[in-house]
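In terms of numbering that gives the first Met the number 0, the sequence shown opens at residue 0 and continues consecutively.
Each residue gets a CB set at the ideal place from its N, CA and C atoms; glycine is no exception.
Report on the structure given below.
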Amino acid sequence: MVDNKLKNIELGYNFGLSSFRATMSAMSDKQASAPSSSFKNLGLSNNIIKVLDEIGYETPSAIQEQCITHLLDGQDIIGQAQTGTGKTAAFALPLLDKIDLDNNQVQLLILAPTRELAIQVAEAIQTYSRHLKGFHVLPIYGGQSYDVQLRPLKRGVHAVVGTPGRVMDHIKRGTLKLDNLKALVLDEADEMLRMGFIDDVKWVMEKLPEQRQIALFSATMPNIIKRVAETFLNNPKIVQIKTKTATAPTITQRYWLGSGGQKLDALTRILEVETFDAMIIFVRTKTATTDLAEKLSARGFSADAINGDIAQNQRERIINQYKQGKIDILIATDVAARGLDVERISHVINYDIPQDPESYVHRIGRTGRAGRTGQAILFVAPRERRMLKTIERITRQPIEPMQLPTAKIINEQRVNNFKQRITETLSNQNLAVFEELLLEFQKEHEVDTFKVAAALALMAQGSEPLLLDEKAFKQAEFGASSGKKITVDIEASPLKDNPQVPMKRYRIALGNRDRIKPGNILGAIANEAEISSQFIGSIQIFQDFTTVDLPDEMPKETLEVLRNVRVFDKKLNIEELTKKNNTATAKEQSDNFRGGFSDRKDRGKPRRNRDRDRDRKFTKRKPKR
Numbered sequence: 000m001v002d003n004k005l006k007n008i009e010l011g012y013n014f015g016l017s018s019f020r021a022t023m024s025a026m027s028d029k030q031a032s033a034p035s036s037s038f039k040n041l042g043l044s045n046n047i048i049k050v051l052d053e054i055g056y057e058t059p060s061a062i063q064e065q066c067i068t069h070l071l072d073g074q075d076i077i078g079q080a081q082t083g084t085g086k087t088a089a090f091a092l093p094l095l096d097k098i099d100l101d102n103n104q105v106q107l108l109i110l111a112p113t114r115e116l117a118i119q120v121a122e123a124i125q126t127y128s129r130h131l132k133g134f135h136v137l138p139i140y141g142g143q144s145y146d147v148q149l150r151p152l153k154r155g156v157h158a159v160v161g162t163p164g165r166v167m168d169h170i171k172r173g174t175l176k177l178d179n180l181k182a183l184v185l186d187e188a189d190e191m192l193r194m195g196f197i198d199d200v201k202w203v204m205e206k207l208p209e210q211r212q213i214a215l216f217s218a219t220m221p222n223i224i225k226r227v228a229e230t231f232l233n234n235p236k237i238v239q240i241k242t243k244t245a246t247a248p249t250i251t252q253r254y255w256l257g258s259g260g261q262k263l264d265a266l267t268r269i270l271e272v273e274t275f276d277a278m279i280i281f282v283r284t285k286t287a288t289t290d291l292a293e294k295l296s297a298r299g300f301s302a303d304a305i306n307g308d309i310a311q312n313q314r315e316r317i318i319n320q321y322k323q324g325k326i327d328i329l330i331a332t333d334v335a336a337r338g339l340d341v342e343r344i345s346h347v348i349n350y351d352i353p354q355d356p357e358s359y360v361h362r363i364g365r366t367g368r369a370g371r372t373g374q375a376i377l378f379v380a381p382r383e384r385r386m387l388k389t390i391e392r393i394t395r396q397p398i399e400p401m402q403l404p405t406a407k408i409i410n411e412q413r414v415n416n417f418k419q420r421i422t423e424t425l426s427n428q429n430l431a432v433f434e435e436l437l438l439e440f441q442k443e444h445e446v447d448t449f450k451v452a453a454a455l456a457l458m459a460q461g462s463e464p465l466l467l468d469e470k471a472f473k474q475a476e477f478g479a480s481s482g483k484k485i486t487v488d489i490e491a492s493p494l495k496d497n498p499q500v501p502m503k504r505y506r507i508a509l510g511n512r513d514r515i516k517p518g519n520i521l522g523a524i525a526n527e528a529e530i531s532s533q534f535i536g537s538i539q540i541f542q543d544f545t546t547v548d549l550p551d552e553m554p555k556e557t558l559e560v561l562r563n564v565r566v567f568d569k570k571l572n573i574e575e576l577t578k579k580n581n582t583a584t585a586k587e588q589s590d591n592f593r594g595g596f597s598d599r600k601d602r603g604k605p606r607r608n609r610d611r612d613r614d615r616k617f618t619k620r621k622p623k624r
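Below, the structure is given as structure tokens:
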């Protein structure tokens, strides 16, 4: 089939290799020109527009504007753009608009190189389809039980996001049918090539119906990706995004890693100790600007918000106050901050991570101008570390991690600020009236002057304590929990598909605090101890430790190997869970994983091991010295 298509190309198919190269080289900067003012201008349905309004998307990025238009027109596209440029919305929004909700068959297939990306894309599609009644999307990937995937496939789903190997497995089994497929998306095609999936990708593409639409995205265009495009795509439109990636050397860049519920407290602590003139804080949505401004104002900071809903005269008033120093902190969206050039901006904080590296460059470029130094701080959630790496790679600039200030540092700063306020008041204010009142009060009540001054200071401070309680502060440290203590059951759960195998519950000395996930545990055990994934049972992650169920007959040699296995450069230190070490905190439990796979036993193993005896539970190995 592929050979025939290649012959067609040679006989006059309108997209040969030379044409491809000519088209790519002819791309001009106008493709990266300013996007249209609104998603409403692109022809998307009201249901999609409604979702975009709700989540605060104001204007499309360059790649979104071009791809949405071409895909709505029914054209194939090749998008050459870096990871994190807004590609997901670029293909998901228009292709969702083409879904026939009355047809409960797979109409959209998206291939992604990794499980993490597949899940991420599926979650985004779920969000964008919020107002498409009856729409269903399913992520499918290796390492997850087939049963979990078969049930929704049998019921019927409209879109599937999957890794090439697992998609191919389902097609071979007849559980994934492509007869009604309208569109295929290849996301990060060069990454699939690098990971050895390109043959699987071509195999899947050979199974596509004759009439379909294809969107191929790749950061680079090696020859083999070009040949895939030539073979399967029909007169594709080329979308090539050139991004500004240079950051000023005068800007110091740092990031803080933490989850969403911790961000406000983290921001408050940073604001308390950072010395700044003016600051701009970027958030993702219009609602978030006003919400954060109100919360910061309530905490005593001089803050205000600008967004696309604010009238022009009000915007001008806020910016003038900002320039004059009457407002120190401005919370804004990308769109609202366009054209904002204020010399006194010393700090830029990305409270919400930008959707692409170019936006990041634009954001932090508002400080460190004209040779002045500037500070840029990026808030990164654990699931956003991929974008952090992308920003670092594209800007060719490392972003250093930062630690939040301790209670001691904050208290020292508060004391210094208190003393400074006293000094400024003594120097700049007429205190005659208050001196007379204080003298009169002292005579009437015979109270020491210092005690009166202390009482006045307390009155000025209000209900908020001047100093933080270090002990209480440590208990409230991020990642900690004040929930009640619970006892973890020491009895292992039986394997779903092998209930006859006796199991034992083990304790691993890494937990939620170490950012560990079930996949990290599963991979470490399967690869290092060569225990087949179908014999790895329930995994429960708590704040300070993790439990995992493993076969009771596991040799001591294997246990010794696991003890010394490192995840995130920390030893597992695995040991049996007993009544002496099974106490956890109720709110600390995060990720749960029910193990015992019923699918391919070689998932998670190196390729060199896949031809070995697949029925074994584990292999005896000598511990590493």
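Any heavy atom of the ligand FMN closer than 7 Å to the CB of residue i?
i: Lys206; result: The model on display carries no ligand, and the ligand FMN is accordingly not part of it.
Taking the C-alpha atoms as reference points, what is the distance between residue i and residue j?
i: Thr219; j: Glu187; result: 9 Å
i: Ser537; j: Met502; result: 10 Å
i: Asp333; j: Asn46; result: 24 Å
i: Phe196; j: Ile326; result: 54 Å
i: Phe275; j: Ser345; result: 6 Å
i: Val227; j: Leu183; result: 13 Å
i: Met204; j: Phe231; result: 7 Å
i: Glu559; j: Asn526; result: 15 Å
i: Ala21; j: Ile237; result: Only weak support is given to the placement of Ala21: the predicted model assigns it a pLDDT of 39, under 50, and the value that follows is read from those uncertain coordinates. The straight-line gap from Cα to Cα measures roughly 11 Å.
i: Leu263; j: Lys153; result: 44 Å
i: Ile309; j: Ile317; result: 10 Å
i: Arg395; j: Asp513; result: 28 Å
i: Pro63; j: Arg314; result: What sits at residue 63 in the sequence shown is Gln, not Pro. Whole-angstrom Cα-Cα distance: 28 Å.
Closer than 8 Å by C-beta to residue i: which residues in its own chain qualify, once you throw out the five before and the five after it? Chain order, please.
i: Thr582; result: Lys484, Ile485, Thr486 and Val487
i: Gly164; result: Gly141, Phe196 and Asp199
i: Thr126; result: Val50 and Ile54
i: Lys206; result: Ile170 and Leu177
i: Glu490; result: Arg504
i: Ala123; result: Thr87, Ala88 and Ala91
When you compare each of the options to residue i by their alpha carbons, which one comes out closest?
i: Asp72; options: Lys388, Glu122 and Leu92; result: Leu92
i: Pro235; options: Gln79, Arg392 and Asn580; result: Gln79
i: Gln106; options: Lys153, His157 and Ser128; result: His157
i: Met191; options: Ala117, Glu529 and Lys176; result: Ala117
i: Ile280; options: Glu423, Val120, Gly364 and Ser532; result: Gly364
i: Arg382; options: Asn319, Val451, Pro550 and Arg114; result: Arg114
i: Glu575; options: Asn312, Ile124, Lys181 and Arg506; result: Arg506
Let's see if you can read the secondary structure: which residues bound the beta strand (DSSP E) around residue i?
i: Phe417; result: Note, Phe417: premise wrong, no beta strand (DSSP E); alpha helix (DSSP H) at Ala406 to Asn427.
i: Lys503; result: Met502 to Ile507
i: Gln212; result: Gln212 to Ser217
i: Pro517; result: Per DSSP, Pro517 belongs to no beta strand (DSSP E); it is in the alpha helix (DSSP H), Pro517 to Glu527.
i: Phe378; result: Gly373 to Val379
i: Ile305; result: Ala302 to Ile305
i: Gln239; result: Lys236 to Gln239
i: Thr246; result: First-last for Thr246: undefined, no H or E at that position.
i: Ala331; result: Ile328 to Ala331
i: Ala228; result: Taken as a continuous stretch (DSSP letters only), Ala228 belongs to no beta strand (DSSP E), being part of the alpha helix (DSSP H) at Asn222 to Phe231.
Between which residues of its own chain and residue i is the CB-CB distance below 7 Å, once the five residues before and five after are set aside?
i: Ser358; result: Asp333
i: Val341; result: Ala277, Tyr321 and Lys322
i: Val282; result: Thr288, Leu291, Ile330, Thr332, Tyr350 and Asp351
i: Leu149; result: Thr174
i: Asn102; result: Asn179
Is residue i helix, strand or coil by DSSP?
i: Val105; result: coil
i: Met278; result: strand
i: Asn179; result: coil
i: Ser345; result: strand
i: Ile317; result: helix
i: Pro138; result: strand
i: Glu64; result: helix
i: Ile363; result: helix
i: Arg114; result: helix
i: Pro554; result: coil
i: Pro493; result: coil
i: Arg264; result: Reading off the sequence, residue 264 comes out as Asp, not Arg. If DSSP states are grouped into helix, strand and coil, Asp264 belongs with the helices.
Between which two residues does the alpha helix (DSSP H) harbouring residue i extend?
i: Ser37; result: Counting along the chain, Ser37 falls outside any alpha helix (DSSP H), and DSSP gives it neither H nor E.
i: Val147; result: Tyr145 to Arg154
For chain B, find out if any of its Cβ atoms is closer than 8 Å to the Cβ of residue i; answer yes or no.
i: Gly299; result: Among the chains of the structure shown, chain B does not appear; only one protein chain is present.
Residues in its own chain within less than 6 Å of residue i by CB, not counting five upstream and five downstream?
i: Ser481; result: The predicted model places Ser481 with a pLDDT of 45, which falls under 50 and marks its position as unreliable; any figure quoted below should be read in that light. For Ser481, where only same-chain residues beyond five positions count, there are no Cβ hits under 6 Å.
i: Ile77; result: Leu215, Ala228, Pro235 and Ile237
i: Leu631; result: In the structure displayed, the chain extends from 0 to 624; residue 631 sits before or after that span and is not available.
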